[in-house]
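Protein chains in written order, with the numbering used here: chain A, 16 to 131; chain H, 70 to 182.
Let me begin by presenting the structure, written as structure tokens, before commenting on it.
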Amino acid sequence: EAGVTQFPSHSVIEKGQTVTLRCDPISGHDNLYWYRRVMGKEIKFLLHFVKESKQDESGMPNNRFLAERTGGTYSTLKVQPAELEDSGVYFCASSPRRGYGTDTQYFGPGTRLTVL
Amino acid sequence: GQQLNQSPQSMFIQEGEDVSMNCTSSSIFNTWLWYKQDPGEGPVLLIALYKAGELTSNGRLTAQFGITRKDSFLNISASIPSDVGIYFCAGQLPQGGSEKLVFGKGTKLTVNP
């Protein structure tokens with residue numbers, strides 16, 4: 016069974032440009048999460064989808080970030096316009112069903128975003 | 070917001086030595102998790118703890134969920150070179166349907182052969 020995949024693995028863009036990150040969760044997983052790790056800091060939650068609905072978007076930094084999960088399969092995270100402080104590694108994770116702390120979140124390899 | 074204090078930040082040890090790292094929080098959690106991240110990969114779950122006081126082992130790894138629900142530790146016995154990586158603790162307190170993880174800053178482990 017394929018794990019969580021993310022594309023691209025690396026992205027280098029200039030301040031003010033737009034970048035779109037993609038996550039393909041494990042097939043059949045209803046829950047999809049986005050996290051971000053800025054250099055030297057902790058991995059921070061951004062948002063949580065249950066199927067195509069946003070369950071919790073309390074971690075989204077500001078309105079330059081837009082996440083979608085049309086059809087409840089893959090998800091995209093768009094940053095527009097990108098700022099220097101957006102640099103970091105963006106992780107996607109998925110879990111199989113709606114539970115309460117009992118479902119393991121499986122992480123993808125991450126997308127390393129560098130904004131110059 | 071909720072924060073986890075993970076220590077130490079980094080460790081340099083000799084192969085065969087035991088390792089201990091811990092996480093504390095001012096908030097309670099219902100679940101404590103320990104993840105390991107290898108270079109270029111995402112975090113991989115090592116151990117999950119669901120009950121206060123629970124002690125769980127996974128091979129050479131042992132972790133405990135503190136009685137107060139505000140702390141956890143991870144021990145690695147007889148370290149080997151492939152234990153190298155970054156170890157993260159994470160807490161989970163499902164509220165209103167949100168199952169987000171709150172992570173510590175990580176402990177970077179280096180094992181010298």
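Glycine residues also receive a C-beta, built at the ideal position from the N, C-alpha and C atoms.
Keep in mind it's a predicted model, so treat the numbers as computed, not measured.
(message) Per the DSSP calculation, H/Y156 is bridged to which residue(s)?
(response) Mapped onto the second sequence, residue 156 of chain H falls at position 87. Beta-bridge pairing links H/Y156 to H/K105, H/T176.
(message) Along the chain, where does the beta strand (DSSP E) containing H/F98 start, and where does it finish?
(response) On the second sequence, residue 98 of chain H is found 29 positions in, with the first residue counted as 1. In the DSSP assignment, H/F98 falls outside any beta strand (DSSP E), carrying neither H nor E.
(message) Between A/H63 and chain H, is any beta-carbon pair separated by less than 7 Å?
(response) Stepping through the first sequence from its first residue, residue 63 of chain A is reached at position 48. It does; some Cβ of chain H falls within 7 Å.
(request) Note down, in chain order, every chain H residue with its Cβ under 8 Å from the Cβ of A/G74. (result) As a first step, residue 74 of chain A is located in the first sequence; it is residue number 59 there, counting from the start. Residues of chain H passing the Cβ test: K169.
(message) Classify H/N127: buried if its beta carbon has 16 or more other beta carbons within 10 angstroms, exposed otherwise.
(response) If you number the second sequence from 1, residue 127 of chain H lands on position 58. Classification of H/N127: exposed, given that the 10 Å Cβ count is below 16.
(request) Report back the beta-carbon spacing between A/C44 and A/S90 to the nearest angstrom; my notes put them in contact at under 8 Å. (result) Within the first sequence, numbered from 1, the residue matching residue 44 of chain A stands at position 29. Within the first sequence, numbered from 1, the residue matching residue 90 of chain A stands at position 75. Residue 44 of chain A is actually His in this sequence, not Cys. Going by Cβ atoms, the distance from A/H44 to A/S90 rounds to 11 Å, so no, they are not a contact pair.
(request) Kindly list, in the order they appear in chain A, the residues whose Cβ is closer than 7 Å to that of H/K174. (result) As a first step, residue 174 of chain H must be located in the second sequence, where it is residue number 105. The CB of H/K174 comes closer than 7 Å to the CB of K56, E57 in chain A, given here in chain order.
(request) Using a Cβ cut-off of 8 Å, pull out every chain H residue sitting near A/G43, in sequence order please. (result) Sequence index remark: in the first sequence, residue 43 of chain A carries index 28 (1-based). Within chain H, no residue comes near A/G43; the closest Cβ sits about 17 Å away, beyond 8 Å.
(request) Determine the chain A residues that contact H/A117 at a beta-carbon separation under 8 Å, and present them in chain order. (result) Here residue 117 of chain H refers to the residue found at position 48 of the second sequence. T119, listed in chain order.
(message) Considering only their Cβ atoms, is the gap separating H/S79 from H/F174 smaller than 7 Å?
(response) Here residue 174 of chain H is taken as the residue at index 105 of the second sequence, counted from 1. Here residue 79 of chain H is taken as the residue at index 10 of the second sequence, counted from 1. Looking at the sequence itself, residue 174 of chain H is Lys, so the reference to Phe does not match. No. Outside cutoff.
(request) Inspect the CB distances between the stretch 119-127 of chain A and the stretch 121-139 of chain H and report whether three or more fall short of 8 Å. (result) Output reads no: the stretch 121-139 of chain H does not touch the stretch 119-127 of chain A.
(request) Helix, strand or coil for A/D71, going by three-state DSSP, please let me know. (result) By 1-based counting over the first sequence, the position of residue 71 of chain A is 56. Looking at A/D71 - three-state DSSP - the assignment turns out to be strand.
(message) In the DSSP output, which residue or residues are listed as bridge partners for H/D140?
(response) Position 71 of the second sequence, counted from the start, is the residue given in the question as residue 140 of chain H. Per DSSP, H/T93.
(request) Please check if any C-beta of chain H sits within less than 7 Å of the C-beta of A/G103. (result) The residue you call residue 103 of chain A lines up with position 88 of the first sequence. Output row for A/G103: interface = no.
(message) Within a Cβ cutoff of 7 Å, which residues of the same chain sit near H/D152, ignoring the five residues on either side of it in sequence?
(response) One-based indexing of the second sequence puts residue 152 of chain H at position 83. If we look at H/D152 and ignore the five residues flanking it on each side, its Cβ neighbours are I145, L178, V180.
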